[in-house]
Amino acid sequence: MRTTLRKIGNSRGVLIPALLLDECGIDGEIELHQENGRIVIEPIKPARQGWFDDYQEQRDTDAWQGLPPDTDSDDWEW
Numbered sequence: 001m002r003t004t005l006r007k008i009g010n011s012r013g014v015l016i017p018a019l020l021l022d023e024c025g026i027d028g029e030i031e032l033h034q035e036n037g038r039i040v041i042e043p044i045k046p047a048r049q050g051w052f053d054d055y056q057e058q059r060d061t062d063a064w065q066g067l068p069p070d071t072d073s074d075d076w077e078w
């Protein structure tokens with residue numbers, strides 16, 4: 001897809017088609033940076049977004065299973 005830079009005040013701008021923005025998941029704030037002579041536009045996602053999307057509780061194991069409750073109580077100072 002080709003487009004042209006447009007003058008906006010002292011800057012330049014590019015119109016990005018809505019379909020392209022939707023396909024890239026861009027809807028709001030973006031991160032803009034230069035990488036190897038290219039301008040990269042990325043959506044800003046909230047921290048930790050999607051961390052538990054694939055979480056399967058049945059695969060979760062109990063790390064303390066089989067350990068008697070007072071195994072290390074002598075080592076603790078209260």
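For the record, in the sequence shown the residue sitting at position 39 is 39 according to the UniProt record's numbering, with numbers rising by one throughout.
The beta carbon of each residue, even a glycine, is placed where N, CA and C say it ideally should be.
Quick caveat, the model's predicted, so the values are computed rather than measured.
Per DSSP, cross-strand counterpart(s) of residue i
{"i": "Lys7", "result": "Arg12"}
{"i": "Ile30", "result": "Pro43"}
Beta-carbon gap between residue i and residue j smaller than 7 Å
{"i": "Pro46", "j": "Gly25", "result": "no"}
{"i": "Ile41", "j": "Ile30", "result": "yes"}
{"i": "Leu5", "j": "Arg12", "result": "yes"}
Host beta strand (DSSP E) of residue i (start-end)
{"i": "Glu42", "result": "Arg38 to Pro43"}
Sequence-distant residues of its chain with Cβ nearer than 6 Å to residue i (five each side left out)
{"i": "Leu32", "result": "Ile41"}
Residue interval of the alpha helix (DSSP H) (run including residue i)
{"i": "Glu57", "result": "Note, Glu57: premise wrong, no alpha helix (DSSP H); not H, not E."}
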